[in-house]
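This report refers to the structure that appears directly beneath it.
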Amino acid sequence: MEFDQPGMFTRAEALATGFTDDDLRRGRATGTIVTVRRGYFIRTALYREMTAHQQHSLLSRAVYQESGNEAVLSHVSAAVVHGMDTWNIPLDKVNLTIGRSYAGKKGRRRILHGTSIDAGEWTTTDGLRVTTPARTVVDLALSTTPAQAVSVGDYALNRRLTTATELDEALASAHGKTGIAQARHAVGLMSSRSESVGESRSRLLLGAMQIPTPLLNQWVYDGAGKFVARVDFLWPELGVIGEFDGRLKYKSKADDVAIAEKNRENRLVDLGWTVVRWEWDELESPQLLRARFEAAFARAAKHSAPGGTYSDTRRR
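So for the sequence shown, this note's numbering puts the first residue at 84; every next one is plus one.
Have a look at this one:
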């Protein structure tokens, strides 16, 4: 018999449809199926087509089903369920909160968090108990780096999965927990106007370099009121626009995109704006990036203020 299951299946399900333990062993040995967790399998061809988030979702479901009625998916596992961006947060272990005093325990494929969880701090999604978006963001703010936490929080706020008020309430509920000071700091840096991990990381880096705080995702118009461009970062008093170019790597027609971006930049320059661009690699070289910004601010200071107008919403 050939394995033809459309998704993850258990040993019991395989045996019920005519497979034997020898078939399962042979399937693993030949690479036809992979073990998600002991007793849970999926066809290798399907598994290889999945994203890291999808693979983590499978593991989460398998671990969850064996974790008892108290368990709630939390931290990065909850973020995956909610569809949040989890930049640079490891996905090799499933995180669960069991809602009672318990010494945190790490296993090969799961981490158990023993901490209180109120009825309003979890919900049910696709048959899984999972912490609410606000609780999820705060849990990660307590336990990850500021850059990781802010990237998740920005995503949740931008996609309206949660609100600033809900995050403040979740922070209040976390009072006294280990990491609460860093969590408050991270939540205070989160913004609904950041639209990508690259923008979130850039914003944090600019702040750390003591670059003046920019306006985020502004619509720029010429003197006649015609739309010119939507830009990532804008310093109106300094006459400078900043653009994070990480999105270009995801485009299918890179040459066409590059030409369009150059034409767009030319129109901004024609209005009198000084434009600074950077990419993923440059986020790892803050001193070089700072020097580029200082040079851009110096160039802009030699010119008159840009023409046209800008707005944080598109005009009709």
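Ideal Cβ placement from N, Cα and C applies to all residues, glycine included.
The DSSP-derived three-state label of D353 is helix.
Note: R360 is bridge-paired with E326 in the DSSP secondary-structure output. Approximately 17 Å separates the beta-carbon atoms of P216 and L179; this is outside 8 Å, ruling out the contact. Residue V323 holds the alpha-carbon nearest to the alpha-carbon of F376 among L156, D328, V323, A202. In the displayed model, D237 falls within a helix according to three-state DSSP. Under the three-state reduction of DSSP output, R120 falls in the strand class. Remark: fewer than three beta-carbon pairs, one from each stretch, lie closer than 8 Å, so the region 344–361 and the region 253–263 are not flagged as touching.
Between the region 150–160 and the region 194–205, the count of C-beta pairs closer than 8 Å reaches three or more; the two stretches touch. Judged by their CB atoms, L156 and L211 are nearer to each other than the 8 Å cut-off. The C-beta of T296 has fewer than 16 other C-beta atoms within 10 Å across all chains shown, which makes the residue exposed.
The shortest C-alpha to C-alpha distance from S283 to any of V311, S256, T246, Q231 is the one to Q231.
Per DSSP, the unbroken alpha helix (DSSP H) holding S160 starts and ends at 158–164. Between the alpha carbons of K188 and V221 lies a distance of about 20 Å. The continuous alpha helix (DSSP H) containing L250 extends over residues 247–256.
Here DSSP, grouped into helix, strand and coil, assigns S279 to coil. Counting along the chain, the unbroken alpha helix (DSSP H) around T219 starts and ends at 216–226. Its chain contains V159, A162, L223, T227, Q231, V235 as the residues whose beta carbon lies nearer than 8 Å to that of I172, once the 5 sequence neighbours on both sides are disregarded; these appear in chain order.
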